[in-house]
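Everything in the sequence shown is counted per our numbering, starting at 777 for the first residue and increasing by one.
Each residue gets a CB set at the ideal place from its N, CA and C atoms; glycine is no exception.
None of these values were measured; they are calculated from a predicted model.
Below is one structure; the comments refer to it alone.
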Amino acid sequence: MLLGLTACSSKPSTVMIGEARPAINVDAVKLYLKEPAQYDTIALVSVSSDGSWSFGDQAQMDAVVQRLKEQAAKLGANGILLQTTGEKRDNSVYVGTGIGSYSGNVGLSVQLGRLFGLTDKTAEGVAIYVPNSASEKEHQEKQD
């Protein structure tokens with residue numbers, strides 16, 4: 777009987793360029809394909825779909841976009857300016873355990889392996905803060 781299967785995933789990479797803001801809700805983060813008229817740069821973010829349990833190109837890309845937004849939200853960025861997308865070979869490691877009994881004897885099995893031939897989606901973006909209105913920009917200028 778298989779009790780568990782876990783995949784190791786690569787962690788997002790974040791390179792700070794500007795100043796982080798207080799974290800916001802991930803639902804408030806917007807994906808930009810073109811630069812907005814005004815914005816502040818906060819960080820460069822790289823993510824992959826590794827370990828997302830998403831199958832198919834679209835599902836993996838959806839997972840990548842969601843991870844970009846999650847990283848941006850942690851930094852207080854309300855936008856992510858998409859820079860590049862791509863693919864990489866998956867280097868996932870899996871661990872499986874099992875236990876069973878037969879005629880009063882109990883056996884335990886632990887397996888460690890590596891999955892080959894799978895690909896993950898990758899993406900890089902710039903976490904940005906886009907002022908919502910002219911009044912917010914005026915408020916910011918007064919604080920500076």
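State the Cα-Cα distance for the pair residue i and residue j, rounded to the nearest angstrom.
{"i": "Arg843", "j": "Asn881", "result": "46 Å"}
{"i": "Ala903", "j": "Ala835", "result": "22 Å"}
{"i": "Leu781", "j": "Gly832", "result": "Low per-residue confidence applies at Leu781: pLDDT is 33, beneath 50, and the placement is therefore not dependable enough to give any value."}
{"i": "Val906", "j": "Gln859", "result": "17 Å"}
{"i": "Pro812", "j": "Ala819", "result": "16 Å"}
Spatial neighbours of residue i within its chain, please: C-beta separation below 6 Å, excluding the five flanking residues on both sides.
{"i": "Ser828", "result": "Ala839"}
{"i": "Thr861", "result": "Ala899"}
{"i": "Tyr808", "result": "Gly855, Leu857"}
{"i": "Met837", "result": "Lys897"}
{"i": "Lys806", "result": "Gly855"}
{"i": "Asn908", "result": "none"}
Output needed for residue i: all residues of its chain with C-beta closer than 7 Å, excluding positions within five of it in sequence on either side, in chain order.
{"i": "Glu846", "result": "Val802"}
{"i": "Ile800", "result": "Ala849, Gly852, Asn854"}
{"i": "Thr817", "result": "Ile793, Gly794, Val902, Ile904"}
{"i": "Tyr815", "result": "Gly855, Ile904, Tyr905, Val906"}
{"i": "Ala796", "result": "Ile818, Leu851, Gly852"}
{"i": "Lys810", "result": "none"}
Quick one: measure Cβ to Cβ for residue i and residue j, integer angstroms, because I've assumed they're closer than 8 Å.
{"i": "Gly901", "j": "Leu857", "result": "6 Å"}
{"i": "Thr790", "j": "Val841", "result": "Their Cβ separation, rounded to whole angstroms, is 16 Å, which puts Thr790 and Val841 out of contact at 8 Å."}
{"i": "Val823", "j": "Pro788", "result": "5 Å"}
So, is residue i buried or exposed, given that buried needs 16 or more other C-beta atoms within 10 angstroms?
{"i": "Ala899", "result": "buried"}
For residue i, which residues of its own chain have a beta-carbon under 8 Å away from its beta-carbon, when the five flanking residues on both sides are left out?
{"i": "Ala804", "result": "Ala849, Asn854"}
{"i": "Glu863", "result": "Thr895, Asp896, Lys897, Thr898"}
{"i": "His915", "result": "Low confidence applies here, because His915 scores a pLDDT of 48, under 50, leaving its location unreliable and the question unanswered by this model."}
Does any heavy atom of the ligand GDP sit closer than 6 Å to the C-beta of residue i?
{"i": "Val902", "result": "Because no ligand of any kind appears in the structure shown, any question about the ligand GDP cannot be addressed here."}
Problem set entry | Continuous alpha helix (DSSP H) assignments of at least 4 residues falling wholly in the segment 803-853 | 833-850
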